[in-house]
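*Asks:* Position 93 (the sequence shown) corresponds to 127 in the numbering used here; numbering is contiguous.
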Amino acid sequence: MTRARIIGVGAYAPKRVLTNADLEKLVDTSDEWIVQRTGIRERRIADDSEATSDLAVKAAQQALERANLVPEDIDFIAVGTTTPDMIFPSVGNIVQHRLGCRRIGSVDMLAACAGSVYSLATGAQFVQTGKYRRVLCIGAETLSKITDFTDRGTCILLADAAGAAVLEATDEDRGIIDVDLYSDGQYWELLYQPAGGSRHPATHETVDKRMHYAKMRGSDVFKVAVRMFAESAERILTRNGFTANDLSLFIPHQANLRIIEAACKRAGLPMERVFVNVDRYGNTGAASVYVALEEALAAGRIKRGDLVLMAAFGGGFAWGAVLMRW
Ligand code: UT7
35 MTRARIIGVG
45 AYAPKRVLTN
55 ADLEKLVDTS
65 DEWIVQRTGI
75 RERRIADDSE
85 ATSDLAVKAA
95 QQALERANLV
105 PEDIDFIAVG
115 TTTPDMIFPS
125 VGNIVQHRLG
135 CRRIGSVDML
145 AACAGSVYSL
155 ATGAQFVQTG
165 KYRRVLCIGA
175 ETLSKITDFT
185 DRGTCILLAD
195 AAGAAVLEAT
205 DEDRGIIDVD
215 LYSDGQYWEL
225 LYQPAGGSRH
235 PATHETVDKR
245 MHYAKMRGSD
255 VFKVAVRMFA
265 ESAERILTRN
275 GFTANDLSLF
285 IPHQANLRII
295 EAACKRAGLP
305 MERVFVNVDR
315 YGNTGAASVY
325 VALEEALAAG
335 RIKRGDLVLM
345 AAFGGGFAWG
355 AVLMRW
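1. Cα-Cα, which of Met344, Lys337, Ala346 is closest to Trp360?
2. Determine contact between the stretch 39-47 and the stretch 97-112, defined as no fewer than three beta-carbon pairs at a distance below 8 Å.
3. Which parts of the stretch 294-331 are runs of the alpha helix (DSSP H), unbroken and 4 residues or longer, counting only runs that do not cross its ends?
4. Thinking Ala94 and Val129 are a contact (beta carbons under 8 Å), I'd like their distance in whole angstroms, please.
5. Taking 9 Å as the threshold (C-beta atoms), are Leu191 and Ile79 in contact?
6. I want to check one thing, is the minimum distance from the CB of His287 to the heavy atoms of the ligand UT7 below 8 Å?
7. Please determine, among Ser322, Leu331, Tyr315, Ala330, the residue with the shortest C-alpha to C-alpha distance to Arg50.
8. Considering only their Cβ atoms, is the gap separating Val213 from Ala158 smaller than 9 Å?
9. If I measure Cβ to Cβ from Thr72 and keep anything under 6 Å in the same chain, skipping five residues before and after, which residues do I get?
10. Using the Cα positions of Gly339 and Lys59, report the straight-line distance between them to the nearest angstrom.
11. So, Asp215 versus Gly349, is the Cβ gap smaller than 9 Å?
12. Closer than 8 Å: is that where the CB of Arg71 sits relative to any heavy atom of the ligand UT7?
13. Among Asp82, Gly209, Ile270, Arg168, which residue has its Cα nearest to the Cα of Asp194?
14. Measure the C-alpha to C-alpha separation of Tyr221 and His238 and round it to an integer number of angstroms.
15. Roughly how many angstroms separate the alpha carbons of Thr277 and Lys243, rounded to a whole number?
16. Is the beta carbon of Ala203 sitting closer than 9 Å to the one on Ala352?
17. Would you kindly report the start and end of the unbroken alpha helix (DSSP H) that includes Phe160?
18. Could you give the distance in angstroms between the alpha-carbon of Leu52 and the alpha-carbon of Ser322?
19. Where do the ends of the alpha helix (DSSP H) carrying Arg100 lie?
20. According to DSSP, Glu265 sits in a beta bridge with which residue or residues?
21. Tell me the DSSP bridge mates of Ala352?
22. Give a yes or no on contact between the stretch 296-307 and the stretch 260-273, applying the rule of three or more CB pairs nearer than 8 Å.
23. With distances taken Cα to Cα, identify the nearest neighbour of Ala174 among Lys257, His246, Thr117, Ser282.
24. What I want to know is whether the C-beta of Asn290 ends up closer than 8 Å to one or more non-hydrogen atoms of the ligand UT7.
25. Could you give the distance in angstroms between the alpha-carbon of Leu271 and the alpha-carbon of Asp254?
26. Please name the residue or residues paired with Thr204 in a DSSP beta bridge.
27. I'd like to confirm the pairing. Which residues does DSSP put opposite Asp65 in its beta bridges?
28. Is Pro123 helix, strand or coil by DSSP?
29. Can Arg261 be considered in contact with the ligand UT7, in the sense that its beta carbon sits closer than 8 Å to one or more heavy atoms?
30. Could you tell me if the beta carbon of Gly197 falls within a distance shorter than 8 Å of some heavy atom in the ligand UT7?
31. According to the neighbour-count rule (16 or more other Cβ atoms, all chains shown, within 10 Å of its Cβ), is Asn274 buried or exposed?
32. CA-CA distance, Glu223 and Arg269?
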């Protein structure tokens, strides 16, 4: 049976660091409140000249290098992003050209913060069916560009980064075992960007009303996220004959340390086997799971044969999980 295996991972975060102390100067908040309620201490913010594809290209180049591949080796590109450079063309399209890939297919997947698992799962399907041998999966965001830095409910959380993983077909008994993707549109108003699309195209009024920024009902998102996060982790494990005890490492979407802790408690996952870097990056949307995977590998937290689970949730709601044998 052909499986899709990750053979190279890369990540990139902008140089500029925004600390909680910096945010104290912008909104009525405190380092103590942010750390206690979210676990976030600092995050990276792109400068005015950096767009999502700039971050994506850097992460992808590192992933390709680590996979010992050149751009011509890639057969398809799947990008998860909520903050494309522009509405079209896609970030995938821009990355295809800037990397120097052949004229391959490329697509952006809009699944908010679940764009990480959506892009990885989509790439895996193309590889498993034998359609493509190598797929470049990317999660990239510049969420700071849709963040209202006068809204303390969102500006303390959202941040910028990109991560990438190269998938390759293998007949070995390792790689992606299963994927699980879900959505439930009834929750769309809990987290969304009102304007800029066809419902509210850009006008002076939409700009004046700050409708191009992300709006969130934080505590409602929190409750739904914990439940869905835990449920999808449990479901994918059970379906494949595993329990939380079999997991070597859980790499969750890094939105809020309290959400991660609550979901893991519910799913019976001890925090020693959970990778957390939200303290240094904040919520980087579709990039977060890829960036965490890159850091987990660099820290030696994953070795050959380990059972690794990734899960993410985001606006929409959209959520899901990817289970793999490393
Ligand atoms: O990637 C998926 C997307 N998003 C998420 O996963 C985010 C999910 N939600 C959260 O992370 C949390 O709900 C927040 C961090 C956004 C908020 O934490 P919370 O514990 O749910 O606080 P809350 O919204 O229930 O607000 C509690 C209090 C309120 O004051 P009052 O009404 O009790 O006086 C807020 O006005 O905290 C206040 N507050 C703040 N205080 C200081 C809200 N934001 C801040 C802030 N600094 N930044």
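Think of the CB as a built atom: it goes at the ideal place given N, C-alpha and C, for glycine as much as any other residue.
Model, not experiment: these values are computed from the prediction.
*Replies:* Taking the coordinates as given:
1. The shortest C-alpha separation from Trp360 is found at Lys337.
2. Here the stretch 39-47 makes contact with the stretch 97-112; the two share three or more CB pairs at distances below 8 Å.
3. Listed in chain order, they are 312-315.
4. At roughly 6 Å, the Cβ-Cβ gap stays under 8 Å, so Ala94 and Val129 are in contact.
5. Cβ atoms of Ile79 and Leu191: not closer than 9 Å.
6. Within the cutoff, so yes.
7. Restricting attention to Ser322, Leu331, Tyr315, Ala330, the CA atom closest to the CA of Arg50 is found in Tyr315.
8. Cβ atoms of Ala158 and Val213: closer than 9 Å.
9. Around Thr72: Asn290.
10. For the pair Gly339 and Lys59, the Cα-to-Cα distance works out to about 47 Å.
11. For the sequence presented, residue 215 should be read as Leu rather than Asp. It is not a contact, given that the beta carbons lie outside the stated cut-off.
12. In terms of side-chain proximity, the C-beta atom of Arg71 is found nearer than 8 Å to a non-hydrogen atom of the ligand UT7.
13. Put simply, of Asp82, Gly209, Ile270, Arg168 the residue whose alpha carbon is nearest the alpha carbon of Asp194 is Asp82.
14. Between the C-alpha atoms of Tyr221 and His238 there is a straight-line separation of about 28 Å.
15. Distance between the alpha carbons of Thr277 and Lys243 is about 48 Å.
16. For Ala203 and Ala352, no; Cβs fall outside 9 Å.
17. Annotation for Phe160: the continuous alpha helix (DSSP H) segment containing it runs 149-162.
18. Distance between the alpha carbons of Leu52 and Ser322 is about 17 Å.
19. Per DSSP, Arg100 belongs to the alpha helix (DSSP H) from 86-100.
20. When beta bridges are read from the DSSP output, Glu265 appears opposite no residue.
21. Ala352 pairs with Ser217, Gly348.
22. Touching, yes, given that three or more Cβ pairs across the two stretches are closer than 8 Å.
23. Of the residues Lys257, His246, Thr117, Ser282, the one whose Cα lies closest to the Cα of Ala174 is Thr117.
24. Yes; taking the cut-off as 8 Å, the Cβ of Asn290 has a heavy atom of the ligand UT7 nearer than that.
25. Straight-line Cα distance between these residues: approximately 26 Å.
26. Beta-bridge pairing links Thr204 to Arg37.
27. Residue pairing for Asp65: DSSP places it in no beta bridge.
28. Annotated three-state conformation of Pro123 is coil, per DSSP.
29. Distances between the C-beta of Arg261 and the heavy atoms of the ligand UT7 are all 8 Å or more.
30. Judged by the Cβ position, Gly197 fails to qualify as a neighbour of the ligand UT7 at the 8 Å threshold, every heavy atom of the ligand being at least this far.
31. By the neighbour-count criterion, in which a residue is buried when 16 or more other Cβ atoms sit within 10 angstroms of its Cβ, Asn274 is exposed.
32. A straight line joining the alpha-carbon of Glu223 with that of Arg269 spans about 26 Å.
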